[in-house]
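Quick note, the sequence shown lines up with residues 277 to 568 if you use my numbering.
Following: one structure in structure tokens, then a few remarks.
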Amino acid sequence: MPSTSVSPPDSAWRSRLLFTDLDGSLLDHHRYDWAPARQWLVQLKALGVPVIPVSCKTRSELLPLRRELGLDEAPFIAENGAVVGLPSAWCHARLDRGVGADGMAVRSLGVDIGLIRQRLAVWRARLDACFTTMSEMSLDELMTLTGMSAPQARLARMREGSEPLIWQDDEAGLEAFRAGLAGDGLRLVRGGRFWHVTGDCHKGSAVNWLIERFEALRGQRPLTLALGDGPNDIAMLEAVDQAVVICGCHGLAVSPHQPALYRSEASGPEGWAEGVDHWWAQLQSLDNPAAI
Numbered sequence: 277m278p279s280t281s282v283s284p285p286d287s288a289w290r291s292r293l294l295f296t297d298l299d300g301s302l303l304d305h306h307r308y309d310w311a312p313a314r315q316w317l318v319q320l321k322a323l324g325v326p327v328i329p330v331s332c333k334t335r336s337e338l339l340p341l342r343r344e345l346g347l348d349e350a351p352f353i354a355e356n357g358a359v360v361g362l363p364s365a366w367c368h369a370r371l372d373r374g375v376g377a378d379g380m381a382v383r384s385l386g387v388d389i390g391l392i393r394q395r396l397a398v399w400r401a402r403l404d405a406c407f408t409t410m411s412e413m414s415l416d417e418l419m420t421l422t423g424m425s426a427p428q429a430r431l432a433r434m435r436e437g438s439e440p441l442i443w444q445d446d447e448a449g450l451e452a453f454r455a456g457l458a459g460d461g462l463r464l465v466r467g468g469r470f471w472h473v474t475g476d477c478h479k480g481s482a483v484n485w486l487i488e489r490f491e492a493l494r495g496q497r498p499l500t501l502a503l504g505d506g507p508n509d510i511a512m513l514e515a516v517d518q519a520v521v522i523c524g525c526h527g528l529a530v531s532p533h534q535p536a537l538y539r540s541e542a543s544g545p546e547g548w549a550e551g552v553d554h555w556w557a558q559l560q561s562l563d564n565p566a567a568i
């Protein structure tokens with residue numbers, strides 16, 4: 277539950293956006309539970325603060341999850357920045373003409389999954405590299421690795437602009453693989469369980485894209501917060517005014533270049549709520565509402 281006073285907006289209120297990683301952050305890494313963050317989600321929605329999922333999950337995974345979390349009025353960023361979904365309030369009449377029956381416009385900021393998989397096959401052969409992509413795993417293997425149910429695992433395999441993989445080779449091979457992909461304009465990013473291969477995009481570039489869209493539509497640059505627990509969150513944490521690194525259970529270093537940084541003591545959704553508590557207290561104490 278929020279530990280700071282939460283009041284309705286007044287005339288001095290400056291728009292706020294909250295960007296959040298899901299697995300290991302808003303969602304428990306093992307049980308996918310989000311109950312400890314529930315009260316803050318309710319409060320932020322009442323205050324009109326969009327909570328924007330920024331995830332390695334696919335669009336197909338995020339659509340039902342957004343409804344469950346009560347975030348269906350906010351945009352989403354899927355597949356580590358490769359895909360952005362815009363609800364009608366975030367759509368530009370001239371730029372976003374492909375609005376679906378659900379009222380969402382989907383923008384691709386990356387490259388097609390077919391190209392990614394083609395180049396992965398090329399570099400596997402050239403380097404004799406040992407790795408297993410998510411698309412190569414059986415449903416049972418993916419469920420065992422991630423703890424997902426069968427329906428969740430099926431949605432996770434519906435990739436559009438990124439391919440997760442498990443690296444099973446040495447560090448030297450990994451660096452050669454990374455360099456080869458870079459020559460193709462592809463990126464290799466470390467997540468909690470998987471390495472992710474994407475186009476020249478990342479969570480940070482997609483967050484910047486959404487901030488610019490908000491500013492263009494509303495005529496005001498919002499105050500921004502991001503929360504994440506993994507190395508693939510670093511670019512997102514660096515793109516905002518204030519950031520929270522949530523204590524992770526993976527033991528990987530997460531060290532963004534971010535002067536306004538808070539590190540939670542708790543992990544998962546408990547750490548998420550702790551980070552929002554800290555952020556809100558900082559905002560409430562500001563004399564100058566234009567700065568963090």
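We put the beta carbon where it would ideally sit given N, CA and C, even for glycine.
These numbers were taken from a predicted model, which means no experiment stands behind them.
Local Cβ density within 10 Å of residue i, reported as buried at 16 or more and exposed below that
i: valine 435; result: The residue you asked about is not valine; residue 435 is arginine in the sequence shown. Classification for arginine 435: buried.
i: leucine 528; result: exposed
i: glycine 495; result: exposed
i: histidine 368; result: exposed
i: leucine 415; result: exposed
i: glutamine 518; result: buried
i: histidine 306; result: exposed
i: leucine 371; result: exposed
i: serine 540; result: buried
i: arginine 343; result: exposed
i: glutamate 550; result: buried
i: leucine 493; result: exposed
i: threonine 420; result: exposed
i: aspartate 304; result: buried
i: serine 438; result: buried
i: alanine 455; result: exposed
Helix, strand or coil at residue i according to DSSP, with G and I counted as helix
i: glycine 372; result: In the sequence as displayed, the identity of residue 372 is aspartate instead of glycine. Residue state, collapsed to three classes: coil.
i: alanine 426; result: helix
i: valine 552; result: helix
i: valine 360; result: strand
i: alanine 350; result: coil
i: tryptophan 310; result: coil
i: asparagine 564; result: Only weak support is given to the placement of asparagine 564: the predicted model assigns it a pLDDT of 46, under 50, and the question is left unresolved by the model.
i: alanine 365; result: helix
i: proline 329; result: strand
i: arginine 343; result: helix
i: leucine 528; result: coil
From the options, residue whose alpha carbon lies closest to that of residue i
i: leucine 320; options: Ala311, Leu347, Leu303, Leu341; result: Leu347
i: leucine 391; options: Gln428, Ala311, Gly475; result: Gly475
i: alanine 511; options: Glu491, Thr409, Val330, Pro326; result: Val330
i: leucine 298; options: Val398, Ala519, Gly504; result: Gly504
i: aspartate 446; options: Cys406, Pro440, Gln558; result: Cys406
i: proline 545; options: Cys477, Leu302, Thr296, Leu338; result: Leu302
i: proline 430; options: Pro312, Arg342, Ser411; result: Looking at the sequence provided, one finds arginine at residue 430 rather than proline. With distances taken between Cα atoms, arginine 430 lies closest to Ser411.
i: glutamine 444; options: Phe470, Gly456, Trp556; result: Phe470
i: valine 241; options: Ser291, Gly449, Phe295; result: No answer is possible for residue 241: the residues shown for the chain start at 277 and end at 568.
i: proline 312; options: Ala542, Glu514, Leu362, Gln558; result: Ala542
i: threonine 500; options: Trp316, Leu513, Val387, Gly547; result: Leu513
i: leucine 418; options: Ser438, Arg395, Ile442; result: Ile442
i: proline 535; options: Gly547, Val516, His478, His526; result: Val516
i: proline 340; options: Leu396, Pro427, Cys477, Val318; result: Pro427
i: leucine 537; options: His526, Val325, His554, Gly524; result: His554
i: tryptophan 485; options: Val327, Gly357, Ala322; result: Gly357
Any chain B beta carbon closer than 8 Å to residue i
i: leucine 371; result: Judged by its chain identifiers, the structure shown contains no chain B, having just a single protein chain.
Bridge-paired residues (DSSP) for residue i
i: leucine 299; result: The question names leucine, but residue 299 is aspartate in the sequence shown. Paired residues: Leu303.
**Study point:** Whole beta strand (DSSP E) elements within the segment 485-523, 3-residue minimum
**Key:** 499-504, 518-523
Point to revise | Unbroken stretches of the beta strand (DSSP E), 3 residues or longer, contained in the segment 381-457 | key: The qualifying runs are 381-384, 407-409, 438-443.
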